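Asks:
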Amino acid sequence: MQGIQIDLISSEKLAALTSMEKIHLILDHVRKGSIIILEKGLSPDEQSTLIEMTMREILPDGFNGIEIETYPSRDQSPGFLQKLLGRSAIESRLTVIGPANQLRMIKKEKDIISAWVSTR
Amino acid sequence: MNILVQTKRRLSKFLMAFFKKKKARIGIYGPPNAGKTTLANRIARDWTGEDVGLVSEVPHETRRAVRKSDISITGSNGSNITIDIVDTPGVTTKIDYKDFLEYGMDKETAVIRAREATEGVAEAMHWLREDINGVMYMLDATEDPFMQVNIMMIGIIESRKLPVIIVANKIDLPDASPQRIRSAFPQHPVVPISCLEGKNIEDLYEKMVEHFG
Ligand SMILES: Nc1nc2c(ncn2[C@@H]2O[C@H](COP(=O)(O)OP(=O)(O)OP(=O)(O)O)[C@@H](O)[C@H]2O)c(=O)[nH]1
Ligand SMILES: [Mg+2]
Numbered sequence: 065m066q067g068i069q070i071d072l073i074s075s076e077k078l079a080a081l082t083s084m085e086k087i088h089l090i091l092d093h094v095r096k097g098s099i100i101i102l103e104k105g106l107s108p109d110e111q112s113t114l115i116e117m118t119m120r121e122i123l124p125d126g127f128n129g130i131e132i133e134t135y136p137s138r139d140q141s142p143g144f145l146q147k148l149l150g151r152s153a154i155e156s157r158l159t160v161i162g163p164a165n166q167l168r169m170i171k172k173e174k175d176i177i178s179a180w181v182s183t184r
Numbered sequence: 010m011n012i013l014v015q016t017k018r019r020l021s022k023f024l025m026a027f028f029k030k031k032k033a034r035i036g037i038y039g040p041p042n043a044g045k046t047t048l049a050n051r052i053a054r055d056w057t058g059e060d061v062g063l064v065s066e067v068p069h070e071t072r073r074a075v076r077k078s079d080i081s082i083t084g085s086n087g088s089n090i091t092i093d094i095v096d097t098p099g100v101t102t103k104i105d106y107k108d109f110l111e112y113g114m115d116k117e118t119a120v121i122r123a124r125e126a127t128e129g130v131a132e133a134m135h136w137l138r139e140d141i142n143g144v145m146y147m148l149d150a151t152e153d154p155f156m157q158v159n160i161m162m163i164g165i166i167e168s169r170k171l172p173v174i175i176v177a178n179k180i181d182l183p184d185a186s187p188q189r190i191r192s193a194f195p196q197h198p199v200v201p202i203s204c205l206e207g208k209n210i211e212d213l214y215e216k217m218v219e220h221f222g
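Chains as they are written, first to last, in my numbering: chain A, 65 to 184; chain B, 10 to 222.
#1: With DSSP as the reference, identify every bridge partner of A/ARG95, one or two as the case may be.
#2: Thinking B/ILE35 and B/ILE94 are a contact (beta carbons under 8 Å), I'd like their distance in whole angstroms, please.
#3: Can you give me, in chain order, the residues of the segment 125-142 of chain B that have a beta carbon less than 8 Å from any beta carbon in chain A?
#4: Roughly how many angstroms separate the alpha carbons of B/ARG38 and B/MET162, rounded to a whole number?
#5: Looking at B/LEU213 and B/VAL200, is the spacing between their C-beta atoms short of 8 Å?
#6: Count the other C-beta atoms from every protein chain shown that fall within 10 angstroms of the C-beta of A/ALA79, then say buried if there are 16 or more, exposed otherwise.
#7: Say the cut is 7 Å; is the CB of B/LYS7 nearer than that to a heavy atom of ligand 2?
#8: According to the neighbour-count rule (16 or more other Cβ atoms, all chains shown, within 10 Å of its Cβ), is B/ASN159 buried or exposed?
#9: Say whether chain A places a C-beta atom closer than 8 Å to the C-beta of B/GLU211.
#10: Is there a Cβ from chain B that is less than 8 Å from the Cβ of A/PHE144?
#11: Taking C-alpha atoms, which residue in B/ILE52, B/LYS32 and B/THR47 lies nearest to B/GLU70?
#12: Check whether the Cβ of A/ARG120 lies closer than 8 Å to any Cβ atom in chain B.
#13: Is the Cβ-Cβ distance between A/LEU114 and A/LEU106 less than 8 Å?
#14: By the DSSP assignment, the alpha helix (DSSP H) with B/GLY129 in it spans what residues?
#15: Between A/ASP71 and chain B, is the shortest Cβ-Cβ distance under 8 Å, so that the two count as touching?
#16: Return the chain-ordered list of same chain residues with a C-beta closer than 8 Å to the C-beta of A/ALA164, the five sequence neighbours on each side being excluded.
#17: Taking the alpha-carbon positions, what's the B/LEU63 to B/MET147 distance?
#18: Establish whether the CB of A/ASP109 and some CB of chain B are separated by less than 8 Å.
#19: Within the continuous alpha helix (DSSP H) that includes B/PRO187, where are the two ends?
#20: What are the residues of the segment 99-123 of chain B that lie near chain A, defined by any Cβ-Cβ distance shorter than 9 Å?
#21: Output needed for B/LYS45: all residues of its chain with C-beta closer than 8 Å, excluding positions within five of it in sequence on either side, in chain order.
#22: Am I right that B/LYS77 and B/ALA49 are in contact with their C-beta atoms under 8 Å? What's the rounded C-beta distance?
#23: Taking 7 Å as the line, does the beta carbon of B/THR102 fall inside it for any heavy atom of ligand 1?
#24: How would you label A/LYS104, buried or exposed, when you count the other beta carbons within 10 angstroms and need 16 or more for buried?
#25: So if I threshold CB-CB distances at 9 Å, which residues from the segment 143-177 of chain B count as touching chain A?
#26: Between B/LEU137 and ligand 3, is there a pair consisting of the residue's CB and a ligand heavy atom that are separated by less than 7 Å?
#27: Using the DSSP secondary-structure output, state which residues sit across from A/THR134 in a beta bridge.
#28: Alpha carbon to alpha carbon, how far is B/GLY113 from B/ILE121? Give it in angstroms, no decimals.
#29: So what does DSSP say about B/VAL158, is it helix, strand or coil?
#30: Are the CB atoms of B/LYS116 and B/LEU110 nearer to each other than 8 Å?
#31: Quick one, are the C-beta atoms of A/GLU110 and B/MET134 less than 8 Å apart?
#32: Comparing alpha-carbon positions, which option in A/ARG95, A/ARG120, A/SER75 and A/SER98 lies nearest B/THR101?
#33: Quick one: is the Cβ of B/HIS69 within less than 7 Å of any heavy atom of ligand 1?
#34: Please confirm whether A/GLU193 has its beta-carbon closer than 8 Å to some beta-carbon of chain B.
#35: For B/GLU59 and B/ALA53, I'd like the C-alpha separation in whole angstroms.
Set out below in structure tokens:
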């Protein structure tokens, strides 16, 4: 497979977006065929909306959905600040979202992504 | 359970008794083909004598949430719950009509099925946000429970603070591993059953009375 684009969205950028903006950003990227890495994961409500919106975008012989993988972030145990802000563990996770037909690619790159995550 | 939740539960029980109409709606959720409709049919047949929907080996057989009202279930100690069961379309993050062609459908039928399936999943998510008071999350015990969609769905259900029972189905099959499901979701009760053979179904009814009562 050649020419796959991977875009990283920093937690700073994510924090500045509303839930709907985040979901549109994800789907816009993934529909174009790129893989998107969110430095901070989505809240359960955002995940729920993402599934719903993904379904509404599916077309025959076109976009056929997404694949998601999450990776534990560096500071996995919730720290004082995280607890204070009431963020669940899942939100602190690094999340990789790609087009469904590139599942194999995400799986294959899993080690590379994990390695990349662990060196950050 | 904290005091606030306890008080809330008592209050809602009191209000339910007072208005005598708001029953708990229990959604059967889970990935496509887990056996959700088979379970809904078995519950309905055991307690009302009627069926709910069609069962099929082809994924996305259920493409619209179906509600069966006023199912009254009695536990062994005589306590009783009356609930509505909602059989929902299997939730996934991807649907490709081409996957249905393998089952001998023509392209047009497969495309229609895929479109209905996408609407069905969207609808299932909507019910979960608005209209469901408790969940039976059903898994095929021969499959990997760590699939991302399961992790997401359990997270979503937990964030809505809904009571949940995880049902490990198809334990009649040699590859079934309810233990793998237990270790994936240690925070929730897991009931291993075979919907097809009816094995352990009584255990599930006991848990339902205990959990959704
Ligand atoms: N071996 C075995 N097969 C089962 C069991 N329960 C259901 N099945 C089979 O699994 C297949 C799917 O069952 P359904 O009840 O249609 O599954 P579902 O979860 O409603 O599927 P969707 O509506 O497509 O999401 C059918 O072929 C059933 O006969 C079980 O306990 N054991
Ligand atoms: Mg079904």
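No residue lacks a Cβ here, since even glycine has one placed at the ideal position from N, Cα and C.
Model, not experiment: these values are computed from the prediction.
Replies: In short:
#1: Looking at the DSSP assignment, A/ARG95 forms no beta bridge with any residue, so it has no partner.
#2: The distance from the Cβ of B/ILE35 to that of B/ILE94 is about 6 Å, consistent with a contact at the 8 Å cut-off.
#3: Contact residues of the segment 125-142 of chain B toward chain A are THR127, GLU128, VAL130, ALA131, MET134, HIS135, LEU137 and ARG138 (C-beta to C-beta distance below 8 Å).
#4: Checking the sequence, you will find Tyr at residue 38 of chain B rather than Arg. Between the alpha carbons of B/TYR38 and B/MET162 lies a distance of about 9 Å.
#5: Contact: yes.
#6: A/ALA79 should be labelled exposed.
#7: The first residue shown for chain B is 10 and the last is 222, placing residue 7 of chain B beyond what the model contains.
#8: Burial call: buried.
#9: For B/GLU211, not one C-beta of chain A is nearer than 8 Å to its own C-beta.
#10: Its pLDDT being 46, under 50, A/PHE144 is placed unreliably by the model, and nothing is read from it.
#11: Minimum Cα distance to B/GLU70 is reached at B/THR47.
#12: Proximity of A/ARG120 to chain B, defined by a Cβ-Cβ separation below 8 Å, is satisfied.
#13: Yes. Within cutoff.
#14: From DSSP, the alpha helix (DSSP H) with B/GLY129 extends over 116-139.
#15: With 8 Å as the cut-off, A/ASP71 does not count as an interface residue toward chain B.
#16: Close CB contacts of A/ALA164 within its chain, under the 8 Å cut and outside five residues either way in sequence, are with ASN128, GLY129, ILE130 and GLU131 (chain order).
#17: One Cα belongs to B/LEU63, the other to B/MET147, and the distance between them is close to 17 Å.
#18: A/ASP109 counts as touching chain B.
#19: Annotation for B/PRO187: the continuous alpha helix (DSSP H) segment containing it runs 187-193.
#20: Answer set for the segment 99-123 of chain B: VAL100, THR101, THR102, LYS103, ILE104, ASP105, TYR106, LYS107, LYS116, ALA119, VAL120 and ALA123.
#21: Same-chain partners within the cutoff: ILE37, TYR38, GLY39, THR71, ASP96, THR97, GLY99 and MET147.
#22: B/ALA49 and B/LYS77 do touch by the CB rule: their CB atoms are close to 7 Å apart, below 8 Å.
#23: Taking 7 Å as the cut-off, one finds no heavy atom of ligand 1 near enough to the beta carbon of B/THR102.
#24: With a 10 Å radius around the Cβ and a threshold of 16 neighbouring Cβ atoms, A/LYS104 comes out buried.
#25: Considering only beta carbons, the part of the segment 143-177 of chain B lying closer than 9 Å to chain A consists of GLN157, VAL158, ILE160, MET161, MET162, GLY164, ILE165, ILE166, GLU167, SER168 and ARG169, in chain order.
#26: Of the ligands one can find in the structure shown, namely ligand 1 and ligand 2, none is ligand 3.
#27: Partner(s): A/THR159.
#28: A straight-line Cα-Cα distance of about 14 Å links B/ILE121 and B/GLY113.
#29: B/VAL158 falls in the helix class under three-state DSSP.
#30: Yes; because the gap between Cβ atoms is below 8 Å, this pair is in contact.
#31: Not a contact, by the Cβ cut-off of 8 Å.
#32: Selected option, being the one with the closest Cα: A/ARG120.
#33: Yes; taking the cut-off as 7 Å, the Cβ of B/HIS69 has a heavy atom of ligand 1 nearer than that.
#34: For chain A, the structure presents residues 65 to 184; residue 193 of chain A sits outside this window and is missing.
#35: Going by the C-alpha atoms only, they are around 6 Å apart.
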